[in-house]
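Taken in sequence, the protein lines are chains A and B. Under the working numbering, the first residue of the first sequence is numbered 216, with each subsequent residue one higher. Under the working numbering, the first residue of the second sequence is numbered 834, with each subsequent residue one higher. The C-beta atom is built at its ideal place from N, Cα and C for all residues, glycine as well. Since we're looking at a predicted model, the values are computed, not measured. Shown next, in structure tokens, is the structure this report addresses.
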Amino acid sequence: MESFASLIGISVSAIFISNFVLSRFLGLCPFLGVSKKISSAVGMGMAVIFVMVIASGFTWIINRFVLLRFDVEFLRTIVFILVIAALVQLVEMALQKYSPALYEALGIFLPLITTNCAVLGVALINTEINPITGLQFTFFETIVNGTMSGVGFMLALVLMAGLREKLELSNTPEILEGLPISFITAGLMALAFLGFAGLNFFA
Amino acid sequence: MTTPSVTRPKPDFQSQVNDVKRETVSLHISSSPHIRHGESVRGIMLWVIAALIPSLIASVIFFGFQALFLTSVSVISAVLAEWLISHLLKRPSSTGDFSAVVTGLLLAYNVSPLLPWWMVAIGSVFAIGVAKMAFGGLGGNFINPALAGRAFLMASYPAAMTSWKATGFGSLSGIDGITSATPLEYFKSGFSGENISELQNALGNLFIGNVGGCIGETSVIALLIGAMLLWYKKIIGFRIPLFYIGTVFFLFWIFNGSGDVFSSRALTIPLYQILSGGLMLGALFMATDMVTSPITPTGKIIFALGCGILTFVIRKFGGYPEGVSYSILLMNLFVPHIERYTKPRIYGEVKKRD
Chain A
216 MESFASLIGI SVSAIFISNF VLSRFLGLCP FLGVSKKISS AVGMGMAVIF
266 VMVIASGFTW IINRFVLLRF DVEFLRTIVF ILVIAALVQL VEMALQKYSP
316 ALYEALGIFL PLITTNCAVL GVALINTEIN PITGLQFTFF ETIVNGTMSG
366 VGFMLALVLM AGLREKLELS NTPEILEGLP ISFITAGLMA LAFLGFAGLN
416 FFA
Chain B
834 MTTPSVTRPK PDFQSQVNDV KRETVSLHIS SSPHIRHGES VRGIMLWVIA
884 ALIPSLIASV IFFGFQALFL TSVSVISAVL AEWLISHLLK RPSSTGDFSA
934 VVTGLLLAYN VSPLLPWWMV AIGSVFAIGV AKMAFGGLGG NFINPALAGR
984 AFLMASYPAA MTSWKATGFG SLSGIDGITS ATPLEYFKSG FSGENISELQ
1034 NALGNLFIGN VGGCIGETSV IALLIGAMLL WYKKIIGFRI PLFYIGTVFF
1084 LFWIFNGSGD VFSSRALTIP LYQILSGGLM LGALFMATDM VTSPITPTGK
1134 IIFALGCGIL TFVIRKFGGY PEGVSYSILL MNLFVPHIER YTKPRIYGEV
1184 KKRD
């Protein structure tokens, strides 16, 4: 039961309270770059979930069995970047060979996010203390955190894409057209997401 | 082509024909819609302002003239901001449609009567400048400007936004003083689950508005009088308010914390919840905003259900005692998607297979 509460807590936190885009402000370049159309936003969201899960699992293993064991935690950031980038490239090659359909679906988005700060961010957060249990993240919690952070990213991205499609029709002042109004939109979305602050189902 | 006629028509008949021709030429030609109605943005906004007046009167009765002063500051700064921004953008001024007055009123209704006046003014300018005019003015905004202003103030001045004034007739807890807890704060932190009669006794005060809270949200009766006017004028529909309030009632009825759904306790808690806080103001006047709520009938119901569920979740599990403003803001973000999936089928259209 304790672990169930922890998993729910991790999920709610990753999707709503500390949403990667709207609360931690990570992964803003794919958020603004690929949110012009809903269809591409969904593709990007899927790719981010996929990469975040793989990166979370793999970096957790490396952190636990290599970095902590040999006492070289100061190398964490650089090792994670290398591992994630290499891993995603390998996975991409394997997908191309064995699952062309999935490869086509993820398309250009997969290489785009190999070294994204949101992906590195989730890997680094997984090495911290789990605020709910007060212990290190377990492997399963890491996977859940990766998945749900990706889901939170996708939620923000898809909402943003819907709003931007609507914004195309509005009579925005010239000086704000394009990126500026997108940042204002993102800011207002973050303001709305403040409503989730302190959400706790097991108080 | 005219056939040669033997007898020429009388001159006055000829002039009549010419008149008919001239009239035919001057027919008004335009594309659809052809059915016109005298309704205008200005007319609708004036009715909304009229519908908000009873709450203003109630707030002056309960909180004194400070409420009127803050409301005036809010309205004036909203109108000035709108005028200044359209002037700077070299666009025709839109202050004549009175939508800025409505935004100013609603923002003031959403803040505590103890808030310093300059904070209200800042919130008003944010609501108009960032949430509305940056998106091209009325109709372009995706988020309710007044609520965005409130959320902005809530993030910037959390302490000032949550210190409440007791009404002139004593506070809910019976302690006289300058500050008082709102009914929802009392429910969240003071209510132990045993003293259910206290909640029952408070219901009457909640209905007339004799409780602490934001300027325009406390008096349910005044808000309902205003809403009836808007229902009568068909400016707001029944779907959003009914489903919104109904969802909150239902969820607090089922999850009332006693495990029993037919006891007096089980019915007191949802009644207390729907009468307190900003639910009535939000459900009647802000979730029904024409610009930021879905157009489609099914979409309105989905929107209202979402608002209700989020309000319940934030009130019950969230960090704030009140979740109406945030739940409406959050559902505003979903509106493009709701409209996309509830768009009615065009007559004769064959469903696409995909």
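>> Using only the alpha-carbon positions, how far apart do Ala-333/A and Phe-1150/B sit?
In response: The straight-line gap from Cα to Cα measures roughly 28 Å.
> Is DSSP giving Lys-251/A helix, strand or coil here?
Replying inline: Secondary structure of Lys-251/A (DSSP, three-state): coil.
> What does Lys-1149/B pair with, by DSSP beta-bridge criteria?
Replying inline: According to DSSP, which records beta bridges pairwise, Lys-1149/B is partnered with nothing at all.
> Given a threshold of 16 other Cβ atoms within 10 Å of its Cβ, counted over all protein chains shown, does Asp-930/B qualify as buried or as exposed?
Replying inline: Under this definition Asp-930/B is a buried residue.
> By the criterion of Cβ-Cβ separation under 8 Å, what are the contact partners of Glu-380/A in chain B?
Replying inline: Within chain B, the residues Pro-1169 have their CB atoms less than 8 Å from the CB of Glu-380/A, given in chain order.
>> In this structure, how does DSSP classify Ile-1161/B when only helix, strand and coil are distinguished?
In response: Annotated three-state conformation of Ile-1161/B is helix, per DSSP.
> What is the C-beta distance between Ser-1091/B and Ala-1099/B, in whole angstroms, given that I count them as a contact (C-beta under 8 Å)?
Replying inline: Confirmed, about 6 Å.
> Run through DSSP, which three-state label would Lys-1176/B get?
Replying inline: Coil, per DSSP.
>> What does the alpha-carbon distance come out to for the pair Gly-1010/B and Leu-939/B?
In response: Here the model assigns Gly-1010/B a pLDDT of 42, short of 50, so the residue's position is not dependable and the matter cannot be decided.
> Can you name the residues of chain B whose CB is closer than 7 Å to the CB of Ala-220/A?
Replying inline: Taking the beta carbon of Ala-220/A as reference, no residue of chain B falls within 7 Å; the closest one sits roughly 13 Å away.
> Any Cβ of chain B within less than 8 Å of the Cβ of Ala-205/A?
Replying inline: Since the first residue shown for chain A is 216 and the last is 418, residue 205/A is missing from the structure and cannot be characterised.
> With a CB to CB cut of under 6 Å and the five nearest residues on each side skipped, what residues in its chain are close to Ser-1158/B?
Replying inline: Correct list, in chain order: Leu-980 and Arg-983.
>> Can you confirm whether the region 917-927 of chain B touches the region 943-951 of chain B when touching is taken to mean that 3 or more C-beta pairs between the two stretches lie within less than 8 Å?
In response: Fewer than three beta-carbon pairs drawn from the region 943-951 of chain B and the region 917-927 of chain B are found closer than 8 Å, and the two stretches are therefore not classed as touching.
>> To test your reading of the DSSP string, which unbroken alpha helix (DSSP H) runs of 4 or more residues are found completely within the region 848-919 of chain B?
In response: Complete alpha helix (DSSP H) runs here, min 4: 874-896.
>> Taking only three categories from DSSP, how would you classify Lys-998/B?
In response: Lys-998/B: strand per DSSP, three-state reduction.
> When we look at the beta-carbon of Phe-1136/B and count the other beta-carbons within 10 Å, is it buried (16 or more) or exposed?
Replying inline: Result: buried.
>> With H, G and I counted as helix, E and B as strand and the rest as coil, what does DSSP make of Ile-293/A?
In response: It is helical.
> Counting only beta-carbon atoms, is Ser-385/A nearer than 8 Å to chain B?
Replying inline: Judged by the 8 Å Cβ criterion, Ser-385/A is in contact with chain B.
> Counting Cβ pairs, one atom from each stretch, are 3 or more of them under 8 Å apart for the region 1064-1072 of chain B and the region 966-977 of chain B?
Replying inline: No: the two stretches stay apart, fewer than three of their Cβ pairs being nearer than 8 Å.
>> By the 7 Å beta-carbon criterion, what residues does the region 915-945 of chain B contribute toward chain A?
In response: Of all residues in the region 915-945 of chain B, Leu-922 have a Cβ within less than 7 Å of some Cβ in chain A.
> Mind checking Asn-1043/B: buried by the 16 CB within 10 Å criterion, or exposed?
Replying inline: Buried is the label assigned to Asn-1043/B, since at least 16 other Cβ atoms lie within 10 Å of its Cβ.
> Are the beta-carbon atoms belonging to Gly-1156/B and Arg-1148/B less than 8 Å from one another?
Replying inline: Contact flag set, yes.
> So, does the CB of Met-404/A fall closer than 8 Å to a CB anywhere in chain B?
Replying inline: Chain B, which has a Cβ nearer than 8 Å to the Cβ of Met-404/A, makes this yes.
> Is Leu-327/A close to chain B, meaning its C-beta is less than 8 Å from at least one C-beta of that chain?
Replying inline: With 8 Å as the cut-off, Leu-327/A does not count as an interface residue toward chain B.
>> Just to check my reading of the structure: Ser-250/A and Leu-372/A have Cβ atoms closer than 8 Å, yes? What is that Cβ distance to the nearest angstrom?
In response: Yes, Ser-250/A and Leu-372/A are in contact; Cβ-Cβ is about 6 Å, under 8 Å.
> Are the C-beta of Tyr-1159/B and some C-beta of chain A separated by less than 8 Å?
Replying inline: Yes, its Cβ sits closer than 8 Å to a Cβ of chain A.
>> Suppose contacts are defined by Cβ-Cβ distances below 8 Å. Is Ala-270/A in contact with Gly-361/A by that definition?
In response: In this structure, Gly-361/A lies closer than 8 Å to Ala-270/A by Cβ.
>> Less than 8 Å between the beta carbons of Ala-1035/B and Ile-890/B, yes or no?
In response: No, the pair does not count as a contact, with Cβ atoms beyond the cut-off.
>> Below 9 Å on C-beta distance, what does Asn-415/A contact in chain B?
In response: The contacting residues are Phe-1150, Gly-1151 and Gly-1152.
> Does DSSP put Ile-344/A in a helix, in a strand, or in coil?
Replying inline: Three-state result, Ile-344/A: strand.
> For Asn-1028/B versus Met-1119/B, is the C-beta distance shorter than 8 Å?
Replying inline: Judged by their CB atoms, Asn-1028/B and Met-1119/B are not nearer to each other than the 8 Å cut-off.
> Curious, which full-length beta strand (DSSP E) runs of at least 3 residues does the region 1058-1126 of chain B contain?
Replying inline: Within the region 1058-1126 of chain B, no complete beta strand (DSSP E) run reaches 3 residues.
>> Please tell me whether Phe-231/A and Leu-414/A are closer than 8 Å, where the distance is taken between their beta carbons.
In response: Contact: yes.
> With a CB to CB cut of under 8 Å and the five nearest residues on each side skipped, what residues in its chain are close to Glu-343/A?
Replying inline: Excluding sequence neighbours, Glu-343/A sits near Phe-352.
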